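In my numbering, the protein residues as written are 208 to 1061.
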């Protein structure tokens, strides 16, 4: 069965095809109809459609079997395959009745006004076509209209149309070869649901050689941002600009009039192919709209169960790309259909965001999506256009969370308060406490309040402690505790006081804050002079910042109690935050027992300070970085290569930053002597190649070819070398059978696609081959050849033998075929479930390359 619909174009330019008509509504027992369809354009330029139902079935799959039989017969024996049904189809009435009416425009013009114009209107169920007949004074124009009305009443429609054609030729510049209902510009334009205009037109040939004219297909899209996207493709060469020379034009425009863009594109492709013109398949036409589309469809899960998938699709050049989210797994597709209908109904009524938010919740409930993921998206392809909706997880991350703890440093104790939002954004508030017991008790009490969902009470406790410590102004203009990130969900004591003062004006502080611009926020002084000194540490704090001080960011080396049972050596970063308070961040270097480890901790602190005095800040921080990695308090493979992640940019560069993309010379911090095992040398990046080996069945009949990954572990791969590197004739190798193909051409095509997925240094050929073998349900069994097999392989005579049960030819459309078989997606003429805009006509979607799930 061909991927595209099978059609037959008869000698009279009428087009024959077979279609499945799904039942209307959800009535129990409704049937799927199989119709024969004939589309034609009459001599006056009007398109007509005739239908003959030749089968009724209880399911889509039963109807599809008959459809395949009809299309296969049409492809092999043309209309003869349909027998008497072809003649019965030609005798069927037109699907759409046309009502004709001659009118004068403007209808109320008087003598002396602008000239009147008579038109003949062809009024159908879905469209109105107009033919211009006469332009002149109202009396002569109305005389023509009266004559046509009388002719239609006495002789019928055909004589009236002949009379109208004659009037058009005499008075309106028509010609005997120009259909009566041809638009003034000679082109039928269709604007699809996405706003793209489609039309065909005869234009002059730009190439100096060949015919002077050609018929071309045009598309144009105007996007909301003011940009315009256009393209065009050749359909057929023409000797002149006479529309009658373009025999395919009436059929193409008939499809556009019906709104059937896919069939117009498919017909244009077939005509262009016959004339040797470059016109892509409809599925290969690049999208003019860069925005993605979404739909729901069925699939098969990793557990071989029916699944419901949320699908995002977009065009990347001429290639259609996909990303999917598994919504749920089901015992049968009928169960999945219930959730699919709910999601599609929600999308139709409330939009894409509402439907995909529900799909996200269902995926989380089913365990297919991590509810605590750092990446809040539900579609994770990085090279895809961004989604135009907000996920549930994005909203959760946008809402702040809070934590309150107690810390001690250099004999001082503090409340350590964090507000966190997004993936890694936070603001920290450090409130000095009289002693450790007070800090500990306040932190315990505040956490009990948080556990009881009493966020406001916990933060007011912090606010009171800050006022008592002198780090929070009780009369501040900006009443917030945190000035960064989204507005807090609690009201401070100061905010309540300001609201009381504003009550007489009928507003609250939050309302006035939302109204104000960033430069005019309430409580923010317009002109704040930057301090010349770094005055963030209270005078009673014995924390010693490294000198000379900087006006932006400074550092300290401290020995402090991280909790009552642990003493730690740490390097700290201190800066002034936007709210004028001190910002702190600490990196642990080593921890000790608080009773007998303080002396050691102070000695190691002095060693770091000695490096600072002799070699400067960066050298000291390099030593602290190495010690922290050696002691397990800093990840040497961290994504953020800095030592601190918050505050202003550091005044030094870490070792990790300096050694990025280089071999780390400091890996062996203990001076270990590694005894290398005695073994044969193995290449770090071995040379490999793809090889196809013939496959026969046990009887010796050829089945096809098996694509193998062949790896030479002793030969280093040189990316600069073209061809096979030099190697011994008996160089050992291993090979993996990864996919089956019916022809070597298919294997070579797959090999090119295979190479396109490789990422040097991240994903090499042998690794990808293993994943391909798994996807093709072949055993991941690396083997070496010996004896006669090795000699036959070296001589190019090696052949594999497989039972038919072990032969699995690669099918690039396997996912689509499985989906079609399971859910019965109708693909002719416009493929459903590719767009959520009911007014948009989009073609079907075919996979263009295997999507390896690595």
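For every residue, glycine included, the Cβ atom is placed at its ideal position computed from N, Cα and C.
It should be emphasised that the depicted structure is a prediction, and the values quoted were computed from it without experimental measurement.
Item                                                                                                                                                                                                       : Value
Let me confirm a value: residue 515 is counted as buried when at least 16 other C-beta atoms fall within 10 Å, else exposed. Which label applies?                                                          : buried
Taking only three categories from DSSP, how would you classify residue 1015?                                                                                                                               : coil
List the endpoints of the continuous alpha helix (DSSP H) containing residue 347.                                                                                                                          : 345-362
Go ahead and label residue 300 buried or exposed: buried means 16 or more other beta carbons lie within 10 angstroms of its beta carbon, across all protein chains shown.                                  : exposed
Taking 9 Å as the threshold (C-beta atoms), are residue 403 and residue 467 in contact?                                                                                                                    : no
With a threshold of 8 Å, are at least 3 pairs of Cβ atoms found where one atom belongs to the segment 674-694 and the other to the segment 654-661?                                                        : no
Using 8 Å as the cut-off, can you tell me whether the segment 981-1001 makes contact with the segment 927-944, which would need three or more C-beta pairs spanning the two stretches below that distance? : yes
To the nearest angstrom, how far is it from the Cα of residue 343 to the Cα of residue 324?                                                                                                                : 7 Å
Go to residue 506, then tell me how far its beta strand (DSSP E) extends in each direction, as first and last residue.                                                                                     : 500-507
According to DSSP, simplified to helix, strand and coil, what is residue 691?                                                                                                                              : coil
Where residue 446 and residue 420 are concerned, what is the direct C-alpha to C-alpha distance, given to the nearest angstrom?                                                                            : 6 Å
What is the DSSP secondary structure of residue 844, reduced to helix, strand or coil?                                                                                                                     : coil
Is the beta carbon of residue 312 less than 9 Å from the beta carbon of residue 368?                                                                                                                       : no
Does the structure place the segment 689-704 close enough to the segment 657-667 that three or more beta carbon pairs sit under 8 Å?                                                                       : yes
Going by DSSP, what residue range makes up the alpha helix (DSSP H) through residue 576?                                                                                                                   : Here residue 576 belongs to no alpha helix (DSSP H), and DSSP marks it neither H nor E.
According to DSSP, is residue 999 helix, strand or coil?                                                                                                                                                   : helix
Beta-carbon within less than 7 Å of residue 815's beta-carbon, same chain only, minus the 5 sequence neighbours each way: which residues are those?                                                        : 764, 827, 830 and 831
Is there contact here, the segment 927-934 with the segment 1003-1016, by at least three beta-carbon pairs under 8 Å?                                                                                      : no
Skipping 5 residues on each side, what residues in its chain have a beta carbon closer than 8 Å to that of residue 919?                                                                                    : 890, 893, 894, 895, 934, 938, 939 and 940
How is the alpha helix (DSSP H) around residue 638 delimited, first residue to last?                                                                                                                       : First-last for residue 638: 632-640, but that is the beta strand (DSSP E), not the alpha helix (DSSP H).
Who pairs with residue 990 in a beta bridge, going by DSSP?                                                                                                                                                : 942
Report whether the distance from the Cβ of residue 699 to the nearest heavy atom of the ligand GTP is below 8 Å.                                                                                           : Ligands in the displayed structure: none, and consequently the ligand GTP is not present.
Output needed for residue 950: all residues of its chain with C-beta closer than 8 Å, excluding positions within five of it in sequence on either side, in chain order.                                    : 911 and 912
On a Cα-Cα basis, can you pick out the residue from 820, 527 and 511 that is closest to residue 518?                                                                                                       : 527
Rounded to whole angstroms, what's the CA-CA distance from residue 337 to residue 329? Just pull it up for me.                                                                                             : 6 Å
Does the segment 215-229 come within contact of the segment 241-259, defined as at least 3 CB pairs closer than 8 Å?                                                                                       : yes
Could you check what DSSP says for residue 815 in three-state terms: helix, strand or coil?                                                                                                                : helix
Between which two residues does the beta strand (DSSP E) holding residue 792 run?                                                                                                                          : 789-799
With distances taken Cα to Cα, identify the nearest neighbour of residue 986 among 721, 1015 and 707.                                                                                                      : 1015
Taking the alpha helix (DSSP H) that residue 555 falls in, what are its first and last residues?                                                                                                           : 540-557
Just checking my contact of residue 628 with residue 645 at CB under 8 Å: how many whole Å lie between their CB atoms?                                                                                     : Not quite, the Cβ-Cβ distance comes to about 29 Å (not below 8 Å), so this is no contact.
Could you give the distance in angstroms between the alpha-carbon of residue 897 and the alpha-carbon of residue 963?                                                                                      : 14 Å
Alpha carbon to alpha carbon, what distance is there between residue 594 and residue 858?                                                                                                                  : 38 Å
Over what stretch of residues does the beta strand (DSSP E) that includes residue 782 continue unbroken?                                                                                                   : 773-783
Return the chain-ordered ranges of every alpha helix (DSSP H) run that is complete within the segment 644-719 and spans a minimum of 4 residues.                                                           : 662-676 and 700-709
Inspect the beta-carbon positions of residue 583 and residue 601 and report whether they are closer than 9 Å.                                                                                              : yes
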